[in-house]
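Structure, as structure tokens:
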Amino acid sequence: MKIRSDVLRTYQSVHTWTGITTSLLLFIAFFAGALTMFKPQIEQWATPTSLTATPVSEQKIDRLIGQAIREQDKAREGFNVDFVEDGAALSWFAHGGGRGLRLDDRLAFARLDKNEQMIVQQAPSNELGNLIDQLHRTAGIMGKVGHEDLGVLILGVAAALYFLALISGVIILLPTIVKHLFALRQHKGANRFWLDSHNLVGVVSLPFHLLIAWTAVVFAFHDPMYGGLSLVYGDKPLFEPRDRGSITYDLEQLPSMAEYQRQLQALAPDYRIDKFEFTQLNTPNPSLAAYLSADDRMQRGGYHDIIYLHPFTLEVGYSTVTSSEQDVFAPVVNSFFSLHFGNYAANYGRWMYFIMGLLGAFLFYSGNLLWLEKRREKHGEQRKATKVMAALTVGVCAGSMLGIAVAMLASKWLYLLNVQLNQGYLWSYYTVFALTIGYSFYRGAAHSAIHLLYALTAVCLAIPATTLLALIIPSMPSWSSAETSNLMVEVMAIVFAFAFLCAANKAKARAYFGDRNSIWAINMASDKALEPATIPQQS
Amino acid sequence: MARLLLQDKIQPHWWCKTFIGIFMGLLLSYGLIALFAWFGPDGLETGMKVQFNMWMISAIWLPILTLIYLFKTARSAFIYLLFANVCVYFLFVSLWWLQ
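The listed protein sequences correspond, in order, to chains A and B.
For the first sequence, position 172 (counting from the first letter as 1) is numbered 172 according to the working numbering, and the numbering increases by one without interruption.
Every position in the second sequence, counted from 1, becomes a number in the working numbering once 539 is added.
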């Protein structure tokens, strides 16, 4: 396809500038985002089974709830019922609770002993999954603007630029797309190979990327967008105001769990009931959020649809379970959410999104490499800007991955040392992230790329090693590693370790035997650690 | 392809085009959504149509923002978007009067 040369040049500039300004933020967002596909599994993996609620049979759950709300003040405010295969588990917030991410929440779990007496146990609520999710949404940028996270707004702008980068990338590819799309030319130099793989990944996953870019813009700016829309609607309010209740019900009147289940099954017949979340029970505005899921439905939440019921009257307040018969727009809007969350095809879909998320991270990393290659000095010293960008690319990309890996590795040790769990995760991530960037500036991109990839390999291998160790150390809280979803984290850690090791070896080969006039080359004369005689000369 | 003369080539005008894309593009998106909200199917119904409209604002805005650089100069980008805006808002006001 022929495109005018000035159009190509214009969009080449658009692509370069939007790409280089956003790639590192988007790398973090995509890597963490890929992991959030398995947020519930990661949280389950990170929490010792001895510190989770023990399910009781569904016949006994009502009796347990009754006892809990009679004896426990906090349970009277609200509690959670998780439905699992062999029954239902009761828990409530002994400290904290409510919307948003908090690091010092404590959960109380209730179960029945042999004499049918309630036993209550407390544990910190594990926020590892939520922290990874927070990293995904903010790229780790802290701070608030009003009630919105600063990081979310910055990523919203980055997502808009990323939309521009996608379209401009396609435009500049159009003249050669038919001829070269599937050509991965390895013999034409590393640069060409990076470019070919960058283009292939970009084009093949284009619909996914366009959708993620657009939805991320909406997620970040929906409040101002609604603000503008309210001008369009004039006097008509955008949303119907919620009824405020006036009656405070007696908790003894709380219907049985089976009654809720019957009501919900009628409302959403093809759904599984995962969880009930009762809140503000002792106020005039009590609420029950029922989390429902279905493998083959487009769901509005990350992992669920939600129906809000009045816990005493069973009246539906709000429901994200929709059908096209009620409202044409509802399923369409739900699909936007679902297409971002990848929740419409059970675990197959999640694995696809996981892989596409990682490929997205690759897209941004390879984009930066191409930027660096383009600015390479063919002779002599590389420019300062190139060196800085190379160090930043290596530092941020390796740093975010290493930070997450160290936080996951730290999980079991934090329990063993009995320190503040969620603060521990946070400190692990940010310390490692900062140190990694510091190291890559200190040693330069070429050395640090190799060392950091080895560090990533080691940390990833240490995750399954810790799991093995946890079986031996008696004072460790117990994990039931027998469950396949739990073992998957270890398996993936080994897969990642292998990938990082391969990358480290490739980076090493590039540094010592690759192009001499490159930011990735390590000058043997200045590297005293290596004897020149041991390095074969490049022919 | 014949070589383009300098005056036929796209002029960069990066900042101007970007600002025109952001502000006049957004105005145009809201105009189109206003038409759809008031006179499209289901009219000014609250409910999921409100959310749908909010989503569509950026779905129109982002492509405008991307394709704004195809205009040869910032001036022509401004004139075309101004024209489009005037058309859309004129149509909106006319339909509103007729109602």
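Backbone N, C-alpha and C fix where the C-beta goes; we use that ideal spot for every residue, glycine too.
Given that residue i touches chain A, what residues does it touch there, using C-beta distances under 7 Å?
i	result
B/Asn592	Leu229
B/Tyr569	Gly228, Val232
So, under 8 Å CB-CB, residue i and residue j are touching, yes? Tell me the CB distance rounded to an integer number of Å.
i	j	result
A/Leu238	B/Val589	5 Å
A/Leu288	A/Leu267	Their Cβ separation, rounded to whole angstroms, is 13 Å, which puts A/Leu288 and A/Leu267 out of contact at 8 Å.
A/Phe27	A/Tyr430	About 17 Å separates the two Cβ atoms, so there is no contact after all.
A/Leu51	A/Ala110	The pair is not a contact, with the Cβ atoms about 14 Å apart (cut-off 8 Å).
B/Tyr593	A/Tyr226	The question names Tyr, but residue 593 of chain B is Met in the sequence shown. Right, the Cβ-Cβ distance comes to about 6 Å (below 8 Å), so this counts as a contact.
A/Leu264	A/Ala290	6 Å
A/Lys387	A/Pro175	Not really, about 33 Å apart at Cβ, beyond 8 Å.
A/Ile542	A/Leu90	Not covered by the structure: residue 542 of chain A. The range shown for chain A is 1 to 539.
B/Leu620	A/Lys236	About 28 Å; that fails the 8 Å criterion.
A/Ala220	A/Leu155	6 Å
B/Thr597	A/Val14	Correcting the residue identity first, residue 597 of chain B is Ser in this sequence and not Thr. About 18 Å separates the two Cβ atoms, so there is no contact after all.
A/Ala53	A/Asn126	No, A/Ala53 and A/Asn126 are not in contact; Cβ-Cβ is about 13 Å, not under 8 Å.
A/Asp243	B/Gly586	Incorrect: roughly 16 Å between the Cβ atoms, too far for contact.
Using a Cβ cut-off of 7 Å, pull out every chain B residue sitting near residue i, in sequence order please.
i	result
A/Val333	Met587, Gln590, Phe591, Trp594
A/Ile167	Thr605
A/Tyr226	Met593
A/Leu164	Leu604, Thr605
A/Val394	In chain order: nothing, as chain B lies at least about 29 Å away.
A/Val14	Tyr608
List, in chain order, every chain B residue whose beta-carbon is nearer than 8 Å to that of residue i.
i	result
A/Asp82	Near A/Asp82 there are no residues of chain B at all, since even the closest Cβ is about 30 Å away, more than 8 Å.
A/Tyr11	Tyr608
Taking Cβ-Cβ distances shorter than 9 Å, what residues in chain A pair up with residue i?
i	result
B/Ala576	Leu229, Val232, Tyr233
B/Tyr628	What B/Tyr628 touches in chain A: nothing, since even the nearest Cβ is about 11 Å away.
B/Ala616	Neighbours of B/Ala616 on chain A: none; closest Cβ ~12 Å, over 9 Å.
Might you give, ordered along the chain, the residues of its own chain that have their beta carbon closer than 6 Å to the beta carbon of residue i, omitting 5 neighbours on each side?
i	result
A/Arg510	Trp520
B/Ala573	Phe631
B/Leu604	Gly560, Gly564
A/Gly87	Pro55, Val56, Ser57, Glu58
A/Ser428	Val406, Ala407, Ala410
A/Cys397	Phe27, Tyr365
A/Arg137	Val152
A/Phe354	Ala34, Met37
A/Tyr425	Leu128, Leu131, Ala407
In this structure, what does DSSP give as the bridge partners for residue i?
i	result
A/Lys275	A/Asp82, A/Tyr291
A/Ala110	A/Leu90, A/Val120
A/Ser5	In the DSSP output, where bridge partners are listed per residue, A/Ser5 has none listed.
A/Glu58	Per DSSP, none; premise fails for A/Glu58.
A/His95	A/Arg106
A/Ile307	A/Ala290, A/Ser319
A/Asp149	A/Lys144
Closer than 8 Å by C-beta to residue i: which residues in its own chain qualify, once you throw out the five before and the five after it? Chain order, please.
i	result
A/Met352	Gly342, Ala345
B/Lys556	Ile607, Tyr608, Phe610, Ala613, Ala616
B/Leu634	Leu574, Trp577, Phe578
A/Arg350	Met37, Phe38, Gly342, Asn343
A/Gln253	Phe312
B/Trp554	none
Tell me which residues share the same chain as residue i and place their Cβ nearer than 7 Å to its Cβ, disregarding the 5 neighbours each side in the sequence.
i	result
A/Ala504	Ile450, Leu453, Tyr454, Thr457
A/Gly501	First, the amino acid is wrong: residue 501 of chain A is Leu here, not Gly. Same-chain partners within the cutoff: Thr457.
A/Tyr11	Ser168, Ile171, Ile172
B/Gly570	Asn624, Val627, Tyr628, Phe631
B/Phe558	none
A/His304	Asp274, Tyr291, Leu292, Ser293
A/Trp214	Phe163
B/His552	Thr612, Ala613
I want to verify the contact list: residues of chain B whose CB lies under 9 Å from the CB of residue i, in sequence order.
i	result
A/Tyr512	Those within 9 Å of A/Tyr512 in chain B number zero; the least Cβ separation is about 41 Å.
A/Val7	Ile549, Tyr608, Leu609
A/Leu173	Under the 9 Å cutoff, chain B gives no residues; its nearest Cβ is about 15 Å from A/Leu173.
Could you list which residues in chain A have their beta carbon closer than 8 Å to that of residue i, in chain order?
i	result
B/Ile572	Leu229, Val232
Looking at the ligand FMN, does it come within less than 7 Å of residue i, judged from the CB to the closest heavy atom?
i	result
A/Tyr318	The model depicted lacks the ligand FMN and carries no ligand whatsoever.
Practice task
Assess, as a yes-or-no matter, whether the region 401-410 of chain A is touched by the region 121-132 of chain A under the definition of 3 or more beta carbon pairs within less than 8 Å.
Solution key: The way I'd put it, the region 121-132 of chain A does touch the region 401-410 of chain A; three or more beta-carbon pairs between them come closer than 8 Å.
Practice task
Answer yes if the region 254-263 of chain A comes into contact with the region 59-66 of chain A, meaning at least three C-beta pairs across the two stretches below 8 Å, and no otherwise.
Solution key: yes
Practice task
Assess, as a yes-or-no matter, whether the region 16-30 of chain A is touched by the region 111-123 of chain A under the definition of 3 or more beta carbon pairs within less than 8 Å.
Solution key: The region 111-123 of chain A makes no contact with the region 16-30 of chain A, as fewer than three CB pairs between them are under 8 Å.
Handout entry: Three-pair Cβ contact test at 8 Å for the region 276-283 of chain A versus the region 68-88 of chain A
Key = yes
Problem - Sufficient close CB pairs (3 or more, under 8 Å) joining the region 203-214 of chain A to the region 163-171 of chain A - result: The region 203-214 of chain A is in contact with the region 163-171 of chain A.
Practice task
Below 8 Å between beta carbons is the criterion; list the residues of the region 205-223 of chain A that meet it against any residue of chain D, in chain order.
Solution key: Absent from the structure is chain D; the protein chains it does hold are A and B.
Practice task
Tell me, please, whether the region 332-339 of chain A touches the region 179-189 of chain A by the rule of three or more beta-carbon pairs shorter than 8 Å.
Solution key: no
Practice task
Count the CB pairs spanning the region 464-474 of chain A and the region 434-441 of chain A that are closer than 8 Å, and state whether there are at least three.
Solution key: no
Exercise for the section: Would you be able to state if there are at least three C-beta pairs under 8 Å between the region 82-99 of chain A and the region 138-158 of chain A? Expected result: Counting Cβ pairs under 8 Å, fewer than three are found: no touch.
Practice task
State whether the region 541-551 of chain B contacts the region 4-18 of chain A, with contact taken as three or more CB pairs (one from each stretch) at a distance under 8 Å.
Solution key: yes
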